[in-house]
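Note sheet for the following structure.
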């Protein structure tokens, strides 16, 4: 009897459990950093936004690469999966322009506006 044509299919499957746990640990660390950033560095707001967005991108990349198995795909599939990052970059710069140029994106209010809005709510 001849040997099966796909002998490599019978090799034991490599486990990625260790990588999953490492990524889970990294996600936990990035989440802790995201929670700490506003209290450690409340000002300037633009830096807060930049750091929060960078940690979000790092977490999204970890999830996509390992839990969505993009790391193990062909380069074209990875390129297609990460192509929306171009739009994230565009939105990032639009948000930064809004925060820095247009009344700081409405993130700060003079005391009179806060009191007026509080009075209107009642």
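In my numbering, the protein residues as written are 7 to 128.
The beta-carbon is built from N, C-alpha and C at its ideal position, and this holds for glycine as well.
Alpha carbon of residue i to alpha carbon of residue j, nearest angstrom
| i | j | result |
| --- | --- | --- |
| residue 13 | residue 78 | Its pLDDT being 49, under 50, residue 13 is placed unreliably in this model, and the coordinates cannot settle the point. |
| residue 49 | residue 59 | 15 angstroms |
| residue 37 | residue 80 | 29 angstroms |
| residue 28 | residue 72 | 10 angstroms |
| residue 52 | residue 87 | 28 angstroms |
| residue 82 | residue 97 | 24 angstroms |
| residue 85 | residue 75 | 13 angstroms |
| residue 95 | residue 46 | 25 angstroms |
| residue 30 | residue 91 | 22 angstroms |
| residue 63 | residue 24 | 22 angstroms |
| residue 33 | residue 89 | 22 angstroms |
Buried versus exposed call for residue i [16 or more other C-beta atoms within 10 Å across all chains shown]
| i | result |
| --- | --- |
| residue 26 | exposed |
| residue 69 | exposed |
| residue 65 | buried |
Bounding residues of the alpha helix (DSSP H) (the contiguous stretch that carries residue i)
| i | result |
| --- | --- |
| residue 81 | 81 to 88 |
| residue 26 | 23 to 46 |
| residue 62 | 51 to 68 |
Own chain residues within Cβ distance below 6 angstroms of residue i, not counting five before or after
| i | result |
| --- | --- |
| residue 57 | 43 |
| residue 61 | 36, 39, 40 |
Sequence-distant residues of the same chain with beta carbon closer than 8 angstroms to residue i, five excluded per side
| i | result |
| --- | --- |
| residue 93 | none |
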